[in-house]
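In this note's numbering, the protein residues as written are 125 to 443.
Ideal Cβ positions, reconstructed from N, Cα and C, are used throughout, including at glycine.
Okay, structure first, notes after.
Listed below in structure tokens is the structure:
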């Protein structure tokens with residue numbers, strides 16, 4: 125009887141041992157699977173990080189955003205090839221949005237106007253203006269009028285426009301709002317909202333294109349915009365000069381620029397921003413330069429736009 129019990133116990137031991145062996149085996153297999161899965165997750169995250177490591181470009185929407193997508197394609201391809209990195213273009217819905225996205229580090233290379241450029245750089249220590257169009261150190265705005273006003277071009281400020289419906293561009297535009305405001309103040313001694321007898325208009329969508337079309341179409345009598353945009357629209361047949369003739373040109377000021385975020389040095393290594401500047405300034409491809417509506421790019425520095433910052437502060441548009 126005792127030997128039978130011992131045999132049963134030994135049999136039970138073997139059964140228990142086999143059960144334990146099976147459990148341990150399953151635990152080992154599960155652990156191995158978890159380790160492999162963990163390694164796989166890490167590799168996946170690393171690969172995703174590499175994929176996400178891209179230079180992101182944007183621009184203030186001073187033209188139709190649908191045009192920007194097309195015009196910036198060649199720039200993307202050019203920078204990607206010359207710098208051997210991934211490059212993306214991302215549309216910004218408004219001038220303030222472009223500034224905010226730069227502040228947040230969401231975009232790294234931005235085609236700013238003079239005003240938005242100083243706003244962005246003042247908010248991001250270490251950011252730099254590295255390039256500008258060959259015309260940008262001496263930029264200007266046009267005041268244009270609908271043909272039915274009968275107004276013609278004059279060297280003197282057209283003070284007779286005070287009783288007409290006047291439109292600026294975007295509230296954050298340099299050539300479409302900031303500098304025209306400054307020159308109207310200097311010429312008349314009054315801010316625009318005091319000088320004009322009718323409520324001021326602003327073009328919230330479409331940039332300078334919208335201002336030109338509003339004046340040519342007669343929805344406003346007079347407007348102010350970038351001279352480069354007006355000239356290109358007339359040359360391309362988008363508007364007729366006789367429908368919206370130029371009646372006054374502002375004095376010169378510094379305007380558009382390409383500004384970079386300092387995080388690019390962390391992303392692509394020390395000295396990358398200087399390489400980027402050289403690649404931009406050395407570019408002779410007309411298709412690439414079309415993104416900026418410029419014939420050439422030249423070096424730029426933050427100091428060249430100090431005058432814009434001073435004007436913005438004088439007008440209470442910047443701290």
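With 8 Å as the threshold, decide whether the Cβ of residue i is near any Cβ in chain D.
| i | result |
| --- | --- |
| residue 334 | Note that chain D does not occur in the displayed structure, where there is just one protein chain. |
Could you spell out where the alpha helix (DSSP H) holding residue i opens and where it closes?
| i | result |
| --- | --- |
| residue 202 | 197-207 |
| residue 309 | 303-312 |
| residue 402 | 396-405 |
| residue 388 | 387-392 |
| residue 232 | That residue, residue 232, is in no alpha helix (DSSP H); it is neither H nor E in DSSP. |
Going by C-alpha distance, which of the options is nearest residue i?
| i | options | result |
| --- | --- | --- |
| residue 375 | 416, 424, 260 | 260 |
| residue 262 | 437, 351, 247 | 351 |
| residue 371 | 230, 272, 208 | 272 |
| residue 290 | 316, 276, 280, 278 | 316 |
| residue 205 | 422, 400, 239, 441 | 400 |
| residue 329 | 180, 442, 211, 221 | 221 |
| residue 344 | 364, 314, 268, 281 | 268 |
| residue 257 | 420, 358, 302, 334 | 420 |
| residue 195 | 440, 422, 433, 416 | 416 |
| residue 210 | 431, 388, 395, 438 | 388 |
| residue 435 | 240, 219, 254 | 240 |
| residue 318 | 404, 218, 197, 283 | 283 |
| residue 285 | 293, 274, 295 | 274 |
| residue 333 | 323, 292, 373 | 292 |
| residue 218 | 409, 185, 233 | 185 |
| residue 244 | 439, 440, 426 | 426 |
Let me know the secondary structure DSSP gives residue i once reduced to three states.
| i | result |
| --- | --- |
| residue 182 | strand |
| residue 239 | helix |
| residue 284 | helix |
| residue 252 | strand |
| residue 273 | helix |
| residue 434 | helix |
| residue 373 | strand |
| residue 408 | coil |
| residue 257 | strand |
| residue 428 | helix |
| residue 368 | coil |
| residue 224 | helix |
| residue 193 | helix |
| residue 344 | coil |
| residue 74 | A query on residue 74 cannot be resolved here, the shown segment of the chain reaching from 125 to 443 and no further. |
| residue 188 | coil |
| residue 418 | coil |
DSSP beta-bridge partners for residue i?
| i | result |
| --- | --- |
| residue 325 | 291 |
| residue 349 | 266 |
| residue 213 | 181 |
Going by other Cβ atoms of all chains shown within 10 Å of its Cβ, with 16 needed for buried, is residue i buried or exposed?
| i | result |
| --- | --- |
| residue 381 | buried |
| residue 187 | buried |
| residue 216 | buried |
| residue 304 | buried |
| residue 247 | exposed |
| residue 251 | buried |
| residue 270 | buried |
| residue 137 | Note that residue 137 scores a pLDDT of 43, beneath 50, so its modelled location is shaky and nothing firm can be said. |
| residue 167 | For residue 167, the predicted structure reports a pLDDT of 49, less than 50, and the residue's modelled location is therefore unreliable. A value from the coordinates is still provided. It counts as exposed. |
| residue 321 | exposed |
| residue 353 | buried |
With residue i as the anchor, note down where its beta strand (DSSP E) starts and where it stops.
| i | result |
| --- | --- |
| residue 383 | 381-384 |
| residue 439 | Where residue 439 is concerned, there is no enclosing beta strand (DSSP E), given that its DSSP letter is neither H nor E. |
| residue 422 | 421-423 |
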